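Colleague:
In our numbering, the protein residues as written are -17 to 351.
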């Protein structure tokens, strides 16, 4: 139903399927019990001489992942994130912006990365690109001795997240924090297995939150950090000063392939939502609004008589799409998604894709006239 009043249009929109992963979850898999601590981080100014206590708390939850993958003969012989192949997602023939090579014969190669244990019974978060196409996956625990074969429960290429599981009990799961509480300047530690060196730890700060526009993934909402992240760190843990998981390390921006102080992690809140869908539904389904949109500039806001530049301008509503059916038109300004104030284009995209198809939402729209 659509209601007009005070220049605002409020409509309920039923979402439709946007995308889903190709992986499915076993029917007998039970949802993991997560250790979640959303208490605000203590930000008292102190001079820390050691972070050994933080590392001891989090390191048992960080694992090394070894995979055997099929890869075209033309690719680097190192595969995955391992060894001398620095983040092949940036520099391989299949990297964004690179011309596609012709189909080449395949061979089996060893690759690897890192992962984070999130439940006592063996649920592990990692990057999708670490395990994508793997024939076998071996998880090496923090003691560098105990190994398990892992099962892929599901992967999502759009967010580069995956969930794998090992048959084990009484593991040491990491505590999950609330990544929405992160602030620029917060101290973080990156933990993983760069270049196959297990249980490596680096320190830095949060350089930015909500980073997007890298054009590396379909869904971008990264934590940017200057903590050193190198090949093999993919899928590892980014933890706060209390040893709580705030992100999953995923990529770097580098001209040389090595660390240059610009690393990115997927916020743990996003990782939780992806994991819940994989475990509970077997795939990832995302909402689709069916519009073309653009940022609202200051000049546009003045023309509309709006006091702020928050919200997004609808350029076009696809005929027959969810927005069109709800009465949204070109020229409308989307101000709220349910009760959440829309900060901008990237923010609205995240709100939409995090909504499962079939869910009805209220949107607050400004319309002139």
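Backbone N, C-alpha and C fix where the C-beta goes; we use that ideal spot for every residue, glycine too. No experiment lies behind these values; they were computed from the predicted model shown.
1) I need the DSSP call for residue 178, collapsed to helix, strand or coil.
2) Leaving aside the five residues before and after residue 366 along the sequence, list all residues of the same chain whose C-beta is less than 6 Å from its C-beta, in chain order.
3) From this set, 310, 245, 135, which residue's C-alpha is nearest residue 11's C-alpha?
4) What separation, rounded to the nearest whole angstrom, lies between the Cα atoms of residue 145 and residue 267?
5) Going by CA-CA distance only, name the one from 345, 223, 179 that's closest to residue 34.
6) From residue 273 to residue 327, what does the alpha carbon distance come to, in whole angstroms?
7) Where in the segment 205 to 271 do unbroken runs of the alpha helix (DSSP H), each at least 4 residues long, occur, reported from the N-terminal end onward?
8) How is residue 113 classed by DSSP in three states: helix, strand or coil?
9) Starting from residue 54, follow the beta strand (DSSP E) in both directions and report where the run begins and ends.
10) What residues in its chain sit with their C-beta under 6 Å from that of residue 139, if we drop five residues either side in the sequence?
11) Anyone know if the C-beta pair for residue 225 and residue 36 falls short of 7 Å?
12) What is the DSSP secondary structure of residue 294, reduced to helix, strand or coil?
13) According to DSSP, simplified to helix, strand and coil, what is residue 341?
14) Can at least three beta-carbon pairs, one atom from the segment 181 to 190 and one from the segment 204 to 218, be found at a separation below 8 Å?
15) In the DSSP output, what is residue 17 paired with across the bridge?
16) Let me know the secondary structure DSSP gives residue 185 once reduced to three states.
17) Taking the alpha carbon of residue 249 as the point to measure from, which residue in 300, 192, 315 has its own alpha carbon closest?
18) Under the DSSP definition of a beta bridge, which residues are partnered with residue 96?
19) Any idea which residues DSSP pairs residue 136 with across the strands?
20) Taking the continuous alpha helix (DSSP H) assigned at residue 33, which residues delimit it?
21) Residues bridged to residue 316 by DSSP?
22) What does a CB cutoff of less than 7 Å around residue 253 pick up in its chain, not counting 5 residues either side in sequence?
23) Can you tell me whether residue 22 is buried or exposed, with buried defined as 16 or more other CB within 10 angstroms of its CB?
24) To the nearest angstrom, how far is the alpha carbon of residue 339 from that of residue 16?
25) So what's residue 127 in DSSP terms, helix, strand or just coil?
26) Quick check on residue 324: does DSSP put it in helix, strand or coil?
27) Mapping DSSP to helix, strand and coil, what is residue 87?
28) First and last residue of the alpha helix (DSSP H) that includes residue 280?
29) What did DSSP end up calling residue 163 once you bin it into helix, strand or coil?
30) Less than 7 Å between the beta carbons of residue 218 and residue 174, yes or no?
Modeller: By the coordinates alone:
1) helix
2) Coverage of the chain is limited to positions -17 through 351, which leaves residue 366 absent and any answer about it impossible.
3) Of all alpha-carbon atoms in 310, 245, 135, the one lying nearest the alpha-carbon of residue 11 is that of 135.
4) 16 Å
5) 223
6) 12 Å
7) 250 to 263
8) Three-state result, residue 113: helix.
9) Looking at the DSSP string, the run of the beta strand (DSSP E) that includes residue 54 is 44 to 54.
10) 110
11) yes
12) strand
13) coil
14) yes
15) 157
16) strand
17) 192
18) 46
19) 145
20) Premise fails: residue 33 is in no alpha helix (DSSP H) and is neither H nor E.
21) 294, 347
22) 107, 143, 230
23) exposed
24) 25 Å
25) coil
26) Here residue 324 sits in coil by DSSP.
27) coil
28) 280 to 286
29) helix
30) Contact flag set, yes.
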